[in-house]
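Just so it is clear: in the sequence shown, position 55 is 439 by our numbering, and no numbers are missing.
Beta carbons are placed, not taken as given, at the ideal position from N, Cα and C, and that holds for glycine.
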Amino acid sequence: MNPFAENEKEPLAFDGQLDLFGFVASNKEPETKAPSPDCSQNGLVHFKYNPLMKKSIRCKGGFLFGHPEVLLPAYMKAPEFAAARELAAEWAEHAVRRKTQKNKAVIKDLVNRFWQTVDQIFTDKGETPLASKGRLPPIRPQGVHHNLTDVLAAINNTYFDGSLTCRITWSNRVGGLSFHSIRKDPVTGESFHLISISRGYDAANCPLYAIAGVVYHECLHIVIPVEERGGRRIVHGREFRQREKRYIYYDEWIKWHKEVLPRNIRAMRLHKAL
């Protein structure tokens, strides 16, 4: 039984929580051979590693047929840093060229994408990312109590036929506001929608139907964007409100959102565990 189906009202419950796993298919990708840590995938940029380095990378030109050699922190030799190494190789190819205005902008963008990728890898491993001002925080779907990836997959499959390609994270803000924004993938450079959910929902007292409700709400904002009508911005128009109420646990979610979420936010501001 689909716990979020629009025509059913009997959830599969485990300790008062909904079962999100009965219908979400997990497609296990075939294992692929890890790229060599010694050179870029095109074989043109050579990598060396220094155990004393942590937050910096260097390059020198003219190593192999005019292509650069990149010096990286030793931890980046691990297979999970392959995407970061490729960005470092691309950065080095530009860094040894003539410093035109256009090339400087490309170099700056690649450096930013490189460290964003490194931070995301650390976060995915459950480790603390490198602290740096000005960089976007990593995406963190795994919370203390709930994993947003599973909830988004359930909502996407049930209400949007799996058509949404957005990503999801717990918000870094202390407050009850959930929202969505546009980000660029640091590896591919492509734009994507990122849903950020209030950490007030990442609590032991929060049932999955409440998290699913706010995730569905933010997904609707992607499908039904803000309208400009008569000089006014219409955020929650008629179509939005009608579709929002199709969520099977709409009333239960709204009740939790109004009654429990504010208490959780107050507890967060007092640095109390949820």
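- Beta-bridge analysis with DSSP links F465 to no other residue.
- Rounded to the nearest whole angstrom, the CA to CA distance from H478 to A538 is 43 Å.
- Close CB contacts of I566 within its chain, under the 7 Å cut and outside five residues either way in sequence, are with S575, H577 (chain order).
- Excluding sequence positions up to five before and after K656, its CB lies less than 7 Å from no other CB in the same chain.
- Secondary structure remark: continuous alpha helix (DSSP H) runs of at least 4 residues inside the region 601-637, in chain order: 622-628.
- In the displayed model, V598 falls within a helix according to three-state DSSP.
- Boundaries around Y433 are those of the beta strand (DSSP E), 430-434, since no alpha helix (DSSP H) includes it.
- Taking each of Y600, G584, G527 in turn and checking the Cα distance to F544, the smallest one comes out for Y600.
- Here V619 is exposed: its Cβ has fewer than 16 other Cβ atoms, across all protein chains shown, within 10 Å.
- Looking at the DSSP output, H577 sits in a beta bridge with I566.
- Cβ-Cβ distances below 7 Å link N434 to L455, P457, A458 in the same chain, with the five nearest sequence neighbours on each side left out; the list follows chain order.
- Here R653 really is in contact with V558; their C-beta atoms are around 6 Å apart, less than 8 Å.
- Annotated three-state conformation of P452 is strand, per DSSP.
- Beta-carbon to beta-carbon, G527 and W554 are separated by about 5 Å, close enough to satisfy the 8 Å threshold.
- In this model, V571 and A467 are separated by some 7 Å (Cα to Cα).
- In this structure H529 is exposed. Its beta-carbon is surrounded by fewer than 16 other beta-carbon atoms within 10 angstroms.
- Counting every other CB atom within 10 Å of its CB across the protein chains shown gives Q500 a total of 16 or more, marking it as buried.
- With contacts defined as CB atoms closer than 8 Å, V495 and C443 fail to qualify as a contacting pair.
- For Q504, the secondary structure class from DSSP, reduced to helix, strand or coil, is helix.
- Shown here for P463: same chain residues with a beta carbon closer than 7 Å to its own, the five before and five after excluded, namely A418 in chain order.
- Under DSSP, K444 takes part in a beta bridge, and its partners are E453.
- Between L561 and S582, the gap from beta carbon to beta carbon is short of 8 Å.
- Taking the C-beta atoms as reference points, I608 is found nearer than 8 Å to E623.
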